[in-house]
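Residues 5 to 414 in the numbering used here are what the sequence shown lists, from first letter to last. Single-structure report; data block below.
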Amino acid sequence: MATPTTILKVPFFRPAIGEPEIAEVVNCLRSGWLTSGPTTKRFETEFAAAVGGKYAVALNSATAALHLAADALGLKAGQAVLVPTLTFAATAEIVRYLGGIPILVDCDPTTSNMDLADAERKLELLRAGKIPAAPRRETEVVGIIPVHVGGAMMDMNAVNAFAKKHNLWVVEDAAHAFPAAWRPSANAPWQRCGQNTSAVACYSFYANKTITTGEGGMAVTDDQQLADRIRMMSLHGLSHDAWGRYSGGGSWDYRIVEAGYKYNLTDIAAAIGVHQLARAEEMRLERESLARWYGEALGDVAAIELPNVPENRIHSWHLYPLRLRLERLSIDRNAFFAAMREAGVGCSVHWRPLHLHPYYSERFGWTPDLLPVATKLWERFISLPLFPGMREDERDYVVEVVRRICADNA
Ligand SMILES: *Cc1c(COP(=O)(O)O)cnc(C)c1O
């Protein structure tokens, strides 16, 4: 059967699965232990060490990690959380899972990350009764969920100072940010994403993320109480997990102490994860050199703006989003996208901002004038293929097609 990757000359993404991943999955299948067990424990331990966090809980998605982090921090129905409008569905929907109100925040025009000055404005508007999603002025704002868009981290000192000032918890949506690091200045030590995290950092191992387990996620925290709560809620709110019960050491008995969820990662998935983890930096370096190469090969094309390469960041390069200079093109982004597709190059758009989706606009009253930067920016976005194992002929072809489309539609 034809798959999208065989129709396209260059797919948007191709997972880099090696023989060690395959062998470990086979081992797992033969071992007699398929669900959360010894390989998941190993993955948690090695991941925590890799990011420099104390506790890591493996889950079946980043969405689950975000949900359980907000739950562990005590988010209650009717409370509000600051969330960027420029993000994937999960960042805000987990606030809704708990009955909370996502307060959408505009993005920084350069980095595409959440703009903290706009977060400040949104709090003022809320107190003035001017946020339709939260018409009650006394609505309590309890948390903030920054997203490290594309893998270039936010300034976490600024995020933490903002959170402290407003008495908010911080959950990092780090779905793009492994491996990634930042430092406040060139003389300061690097801080990995997940190291000294203010509360919980949530990673994704979805098929096209920087490392993959097919589907999977991880919650990392330095707070044992949060880690314990996340672990318990990931498995039905039981007082201890199945590995503890059936591996010989544990007791058969358990107590249901909460109405929990079913979010645990399987050992089959963790078997892929431990080998992806071992190659994570090698794969990041490959993406970084592809990004540098795109920069050199496309730097002189007037109709496009290349992604910002921020100082004092170790960039994961999960995404390579171009920004079209629409004033220099006779076509819009959608036509540009269609032309790329026509030429056999898989692209993507990250993202249609949340306030331009019916759930947030129709149901919660978000309008473009409340989020003007993201409203304009997203019409210019188109993400190019960028993945380890991308062949020279593939990257050359992408560049050739981008240049041709720009030249033909100047
Ligand atoms: C992919 C992604 C998620 C969700 O990850 P899953 O593991 O698929 O649940 C959350 N936030 C962002 C920014 C993402 O890109």
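We treat Cβ as the ideally placed atom computed from N, Cα and C, and that holds for glycine. Model, not experiment: these values are computed from the prediction.
For residue i, three-class secondary structure by DSSP
i, result
"residue 118", "strand"
"residue 380", "helix"
"residue 92", "coil"
"residue 225", "strand"
"residue 407", "helix"
"residue 106", "strand"
"residue 149", "coil"
"residue 365", "helix"
"residue 32", "helix"
"residue 260", "strand"
"residue 352", "strand"
"residue 278", "helix"
"residue 333", "coil"
"residue 313", "coil"
"residue 215", "coil"
"residue 156", "coil"
"residue 132", "coil"
"residue 98", "helix"
"residue 374", "helix"
"residue 84", "strand"
Cβ-based burial, residue i [other Cβ within 10 Å; buried from 16]
i, result
"residue 293", "exposed"
"residue 373", "exposed"
"residue 260", "exposed"
"residue 122", "buried"
"residue 85", "buried"
"residue 6", "Below a pLDDT of 50, predicted positions are generally treated as unreliable, and residue 6, at 48, falls in that range; no measurement from the model is reported."
"residue 228", "exposed"
"residue 213", "buried"
"residue 296", "exposed"
"residue 136", "exposed"
"residue 217", "buried"
"residue 371", "exposed"
"residue 289", "exposed"
"residue 165", "exposed"
"residue 173", "buried"
"residue 33", "exposed"
"residue 49", "exposed"
"residue 389", "buried"
"residue 220", "buried"
"residue 411", "exposed"
Ligand 1 heavy atom lying under 6 Å from the CB of residue i
i, result
"residue 267", "no"
"residue 66", "yes"
"residue 49", "no"
"residue 208", "yes"
"residue 379", "no"
"residue 95", "yes"
"residue 61", "no"
"residue 177", "yes"
"residue 91", "yes"
"residue 151", "yes"
"residue 221", "yes"
Contact under 7 Å by Cβ, residue i with residue j
i, j, result
"residue 184", "residue 320", "yes"
"residue 110", "residue 375", "yes"
"residue 325", "residue 89", "no"
"residue 167", "residue 148", "yes"
"residue 64", "residue 267", "yes"
"residue 284", "residue 29", "no"
"residue 351", "residue 386", "yes"
"residue 312", "residue 114", "yes"
"residue 106", "residue 94", "no"
"residue 392", "residue 54", "no"
"residue 73", "residue 175", "yes"
"residue 91", "residue 151", "yes"
"residue 103", "residue 271", "no"
"residue 141", "residue 154", "no"
"residue 258", "residue 238", "no"
Strand pairing of residue i, partner residues [DSSP]
i, result
"residue 308", "328"
"residue 385", "327"
"residue 196", "185"
"residue 177", "151, 206"
"residue 266", "239"
"residue 318", "185"
"residue 60", "224"
"residue 14", "349"
C-beta neighbour in chain B for residue i, strict 7 Å
i, result
"residue 309", "The question asks about chain B, but that chain is absent: this structure has only one protein chain."
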